[in-house]
Amino acid sequence: MLKAPRDVPFSCCCGQIKGTLRGAAPSTGTHLECFCADCRAAEVYVGQPDTPSVTLFQTSADRFDIEQGQDQLAVFSFGEKNLLRWHASCCGSIMFNTLRNPKTGFASIRVPLLADQDAIGPVITKAFIKTASGKSKHHGMARFVYGILLRMAAVRLSGRWKQTPFFDMATLKPVREVQVVAKEDRARITENLR
Ligand SMILES: [Zn+2]
Ligand SMILES: [Zn+2]
-9 MLKAPRDVPF SCCCGQIKGT LRGAAPSTGT HLECFCADCR AAEVYVGQPD TPSVTLFQTS
51 ADRFDIEQGQ DQLAVFSFGE KNLLRWHASC CGSIMFNTLR NPKTGFASIR VPLLADQDAI
111 GPVITKAFIK TASGKSKHHG MARFVYGILL RMAAVRLSGR WKQTPFFDMA TLKPVREVQV
171 VAKEDRARIT ENLR
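My numbering puts the first residue of the sequence shown at -9, with every later residue one more than the last.
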C-alpha cells in the first residue's frame, strides 16, 4: 500500500533540539541501514555505545525544519572533504548527515530520532555489510543511488536547495564551524570497534 507523506516530529535524545521532517514517506527518501566504519565511529566519537549499524532516512535538506535548540547543533567530519556529521552537543545524539556542498541538497536523519518511524517504511538499502572474507557488500544500492541523484536534480532545478537549516545562504558555509577529527583519533576509534 502506498503511504501518504506525513510531517514527522524529531528530537535529539534529551529533547532540546526539536524539529519536523516534512513529507516523510517511502517515496520521498530511502530508509538505509549502514554498517560502515565511519558511521559506527561517529557514534563512539560523540560518546554513544558501539553499534553494529545505524539506520538513516536519506532525503533532501529542504524537508528539515529545526524549530528549537539550534544553538545546541554542532558538526564534525572525519576529514577535510568528508561527510558532515551533525550532532546534538546537549546529549551527544548523532542527528543528521549532509554533504559539504549545499547545492546537492543531500541530508539524512538518524531514524531512531523520528517520532513516527512507520511513516518511512522498512529498510530498503543495506550498505557496507561485512562478509566472511572481510570485504563489504551492499543490498539495494542501485535504488539508493538512483534516489539520491533524482532528489539532487529536483532540489537543484527547483532552487529548493536554498531551503536548508544546515547552511548559511549568504556564505554557502555550514551554520556551525566544522570540527575536523584528527586521523589518529578516528583510527583509534575504528581499531576498537567490535
Ligand atoms: Zn539533546
Ligand atoms: Zn555509513
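C-beta: ideal position from N, C-alpha, C; glycine also.
Item: Identify the continuous alpha helix (DSSP H) that holds C29 and give its terminal residues.; Value: 27 to 35
Item: What does the Cβ neighbour count give for R178, buried or exposed, with the cut at 16 atoms within 10 Å?; Value: exposed
Item: Exposed or buried, which one is L63 when buried takes at least 16 other CB atoms within 10 Å?; Value: buried
Item: Nearest-angstrom Cα distance between I138 and L147?; Value: 14 Å
Item: Is the separation between the beta-carbon of N91 and that of S98 shorter than 9 Å?; Value: no
Item: Using the Cα positions of V34 and D52, report the straight-line distance between them to the nearest angstrom.; Value: 28 Å
Item: Ignore the nearest five residues each way along the sequence and tell me which others in G82's own chain have a CB closer than 8 Å to its CB.; Value: C3, V36, G37, Q38
Item: Output the distance between the C-alpha atoms of I84 and L11, rounded to the nearest integer angstrom.; Value: 16 Å
Item: Say the cut is 8 Å; is the CB of C26 nearer than that to a heavy atom of ligand 4?; Value: Of the ligands one can find in the structure shown, namely ligand 1 and ligand 2, none is ligand 4.
Item: Give a yes or no on whether the C-beta atoms belonging to T45 and R100 are separated by under 9 Å.; Value: yes
Item: Is A78 near ligand 1, in the sense that its beta carbon is under 8 Å from a heavy atom of that ligand?; Value: yes
Item: So, does the segment 112 to 124 touch the segment 20 to 28, judging by three or more C-beta pairs under 8 Å?; Value: yes
Item: Measure the Cβ-Cβ separation of A31 and T180 and say whether it is below 9 Å.; Value: yes
Item: Where do the N-terminal and C-terminal ends of the beta strand (DSSP E) with F134 fall, by residue?; Value: It is not in any beta strand (DSSP E) - F134 instead sits in the alpha helix (DSSP H) that spans 131 to 148.
Item: Thinking C-alpha only, which one of F66, N72, E70, K71 is nearest S79?; Value: F66
Item: Using the Cα positions of Q153 and H21, report the straight-line distance between them to the nearest angstrom.; Value: 22 Å
Item: Should F118 be listed as close to ligand 2, given that the test is whether its C-beta is under 8 Å from any heavy atom?; Value: yes
Item: Rounded to whole angstroms, how far is the Cβ of G13 from the Cβ of P(-1), which I believe are closer than 8 Å?; Value: In fact, because the Cβ distance is near 13 Å, the residues do not count as touching under 8 Å.
Item: Within its chain, find whatever has a CB closer than 6 Å to the CB of L89; leave out the 5 residues flanking it on each side and keep chain order.; Value: F96
Item: For a test of your reading of the model: does the CB of V44 fall under 8 Å from any non-hydrogen atom of ligand 2? Yes or no.; Value: yes
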